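To start, the structure itself, in structure tokens.
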Amino acid sequence: MPRYDKIVILTGAGLSAESGLATFRDEDGIWARYDYRDVATPEGFERNPSLVYEFYNMRRHDGGTARPNPAHYALTHLQRKHPGEILIVTQNIDILHEAAGATNLIHMHGDMATMLCTNCDARPPWIGDLSAELACPECGLTGGLRPNVVWFGEMPYEMDRIAAAIAACDLFISIGTSGNVYPAAGFVAGARDAGAHTVELNLEPSDTASYFAERRHGKATEIVPAYVDALLKEEAR
Ligand code: BJW
1 MPRYDKIVIL TGAGLSAESG LATFRDEDGI WARYDYRDVA TPEGFERNPS LVYEFYNMRR
61 HDGGTARPNP AHYALTHLQR KHPGEILIVT QNIDILHEAA GATNLIHMHG DMATMLCTNC
121 DARPPWIGDL SAELACPECG LTGGLRPNVV WFGEMPYEMD RIAAAIAACD LFISIGTSGN
181 VYPAAGFVAG ARDAGAHTVE LNLEPSDTAS YFAERRHGKA TEIVPAYVDA LLKEEAR
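Start counting the sequence shown at 1; every next residue gets the next number (this note's numbering).
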């Protein structure tokens, strides 16, 4: 009988930092170079779609060359070895969890593998650079394609499934996220209210650090594999 039956793992940009992908709010992060209102809101896209296409084409190029790091692989290892259920909820749009072999995974802020057609709601594969001239492969209309990402003011994906998993989990682990962006930043409080043990694994204490029962701070490639090893050893006893 494992100590924890149902585990939810929330991941953020810090998990992919050591794969070479920039975080958002660190000193050298994406928001130090771009105003989020210009590139990560529906209003910004309406004002200047070319800038938004350019921003996400660049992010997709960077993401395409990135490889999973030992922290991504450690989480996949945990999913394979742990006898209970493990849901990974990522805020990241990169596809490094998939590349590392993760299975039960939700991209709550979308992903860079697909586009979103605002004309027909299709989410076809994103191949090549996005532009206003591109026609949707499903409905054939031009001008409606955008990155399949969740911007400020939009509803994150699969919130019902996430809420149900958090309400039922007995271990909640948050990795590489600053705790700045809701609703993800509120998951720890929900898990705690549901009686789960809560663990933060991050480079430094996040904005929501005080909500966690256990905190380990350091680089994801070091602390995540170490935490996974310790958890599996404890469960094997
Ligand atoms: C390392 C490391 C290493 C570095 N190892 N660690 C109150 C309640 C509810 C909502 C709101 C509220 N107040 C305001 C809102 C609205 C808004 C919001 O949260 N605003 C805040 C700024 C206050 N939220 C929304 O609009 C969301 N929608 C919404 O709320 O709908 C209504 C709703 C309400 C209630 C329930 C359900 C729905 C949508 C948010 C969309 C976010 N979109 C973005 C961009 C799109 C995707 C993309 O382009 O990639 O998503 S913003 C950006 O931030 C991106 C990220 O996924 C997200 C989170 O960032 P993350 O991952 O935490 O990165 P960082 O950089 O902040 O942190 C990295 C951390 O890693 C740091 O702590 C480092 O120390 C650490 N680190 N290197 C380990 N090597």
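Built from N, CA and C at the ideal position, the CB exists for glycine as well. Fair warning: this is a prediction, and the values are worked out from it, not measured in the lab.
Whole alpha helix (DSSP H) runs in the region 108-169 with 4 or more residues, listed along the chain?
159-168
Here's the rule I'm using: 16 or more other beta-carbon atoms within 10 Å means buried, otherwise exposed. How should H97 be labelled?
Counting from one through the sequence shown, the residue named residue 97 turns up at place 97. Flag for H97 reads buried.
Would DSSP call F187 helix, strand or coil?
Your numbering for residue 187 matches position 187 in the sequence shown. Here F187 sits in helix by DSSP.
Using only the heavy atoms of ligand 1, determine whether one of them is closer than 6 Å to the beta carbon of R25.
Taking the first residue of the sequence shown as position 1, residue 25 is located at position 25. Indeed, a heavy atom of ligand 1 lies less than 6 Å from the Cβ.
Can you name, in chain order, every residue of its own chain whose Cβ lies under 6 Å from the Cβ of L87, other than the five neighbours on each side?
Here residue 87 refers to the residue found at position 87 of the sequence shown. Cβ neighbours of L87 beyond the five flanking positions: V8, N104 and A165.
Verify the contact flag: P225, CB atom, against every heavy atom of ligand 1, threshold strictly below 6 Å.
One-based indexing of the sequence shown puts residue 225 at position 225. It does not: the Cβ of P225 is nowhere closer than 6 Å to a heavy atom of ligand 1.
Roughly how far, in whole angstroms, is the beta-carbon of A220 from the beta-carbon of I175, given that I think they are within contact range, below 8 Å?
Taking the sequence shown and counting its residues from 1, one reaches residue 220 at position 220. Taking the sequence shown and counting its residues from 1, one reaches residue 175 at position 175. Rounded, the Cβ-Cβ distance is 6 Å, consistent with contact.
Could you check whether the Cβ of Y182 sits closer than 6 Å to any heavy atom belonging to ligand 1?
Stepping through the sequence shown from its first residue, residue 182 is reached at position 182. Yes - ligand 1 has a heavy atom lying nearer than 6 Å to the Cβ of Y182.
Quick check on the burial criterion: 16 or more other C-beta atoms within 10 angstroms. Buried or exposed for T142?
Counting from one through the sequence shown, the residue named residue 142 turns up at place 142. Under this definition T142 is an exposed residue.
Tell me whether T90 is buried or exposed, calling it buried when 16 or more other Cβ atoms sit within 10 Å of its Cβ.
Taking the sequence shown and counting its residues from 1, the one referred to as residue 90 is at position 90. With 16 or more Cβ atoms within 10 Å of its Cβ, T90 is classed as buried.
Measuring only from the beta carbon, is S178 closer than 6 Å to any heavy atom that is part of ligand 1?
As a working note, residue 178 is residue 178 in the sequence shown. Within the cutoff, so yes.
Measure the beta-carbon distance from T114 to W126 and round it to whole angstroms, keeping in mind my assumption that it falls under 8 Å.
Translated into the one-based positions of the sequence shown, residue 114 becomes position 114. Translated into the one-based positions of the sequence shown, residue 126 becomes position 126. Going by Cβ atoms, the distance from T114 to W126 rounds to 5 Å, so yes, they are a contact pair.
Could you give the distance in angstroms between the alpha-carbon of S50 and the alpha-carbon of G63?
Against the sequence shown, residue 50 aligns to sequence position 50. Against the sequence shown, residue 63 aligns to sequence position 63. Spanning the two alpha carbons is a distance of roughly 20 Å.
May I have the straight-line CA-CA distance separating L116 from C139, to the nearest angstrom?
The residue given as residue 116 occupies position 116 in the sequence shown. The residue given as residue 139 occupies position 139 in the sequence shown. Roughly 12 Å separates the two Cα atoms.
In this structure, what does DSSP give as the bridge partners for T11?
In the sequence shown, the residue the question calls residue 11 occupies position 11. Per DSSP, the beta-bridge partners of T11 are T90 and I175.
Leaving out five residues on either side along the sequence, give the residues of the same chain with a beta carbon under 8 Å from the beta carbon of E234.
Counting from one through the sequence shown, the residue named residue 234 turns up at place 234. Taken in chain order, the residues that qualify are R3.
Taking C-beta to C-beta, are V228 and L78 nearer than 7 Å?
For the purposes of this step, residue 228 is taken as residue 228 along the sequence shown, with counting starting at 1. For the purposes of this step, residue 78 is taken as residue 78 along the sequence shown, with counting starting at 1. It is a contact, given that the beta carbons lie within the stated cut-off.
Using the three-state DSSP reduction, which class does L203 fall into: helix, strand or coil?
Taking the sequence shown and counting its residues from 1, one reaches residue 203 at position 203. Reduced to three states, the DSSP call for L203 is coil.
In the DSSP assignment, what are the bridge partners of R47?
By 1-based counting over the sequence shown, the position of residue 47 is 47. DSSP, once it has assigned bridges, lists no residue as partnering R47.
Does the beta carbon of A167 fall short of 6 Å from some heavy atom of ligand 1?
As a first step, residue 167 must be located in the sequence shown, where it is residue number 167. No; taking the cut-off as 6 Å, the Cβ of A167 has no heavy atom of ligand 1 nearer than that.
Roughly how many whole angstroms lie between the Cα atoms of G144 and A132?
One-based indexing of the sequence shown puts residue 144 at position 144. One-based indexing of the sequence shown puts residue 132 at position 132. Taking the straight line joining both Cα atoms gives about 7 Å.
If you run the structure through DSSP and keep just helix, strand and coil, what is H97?
Locating residue 97 in the sequence shown gives position 97, where the first residue counts as 1. Looking at H97 - three-state DSSP - the assignment turns out to be helix.
With R123 and N148 assumed to form a contact (beta carbons below 8 Å), what rounded beta-carbon distance in angstroms separates them?
One-based indexing of the sequence shown puts residue 123 at position 123. One-based indexing of the sequence shown puts residue 148 at position 148. About 5 Å; that satisfies the 8 Å criterion.
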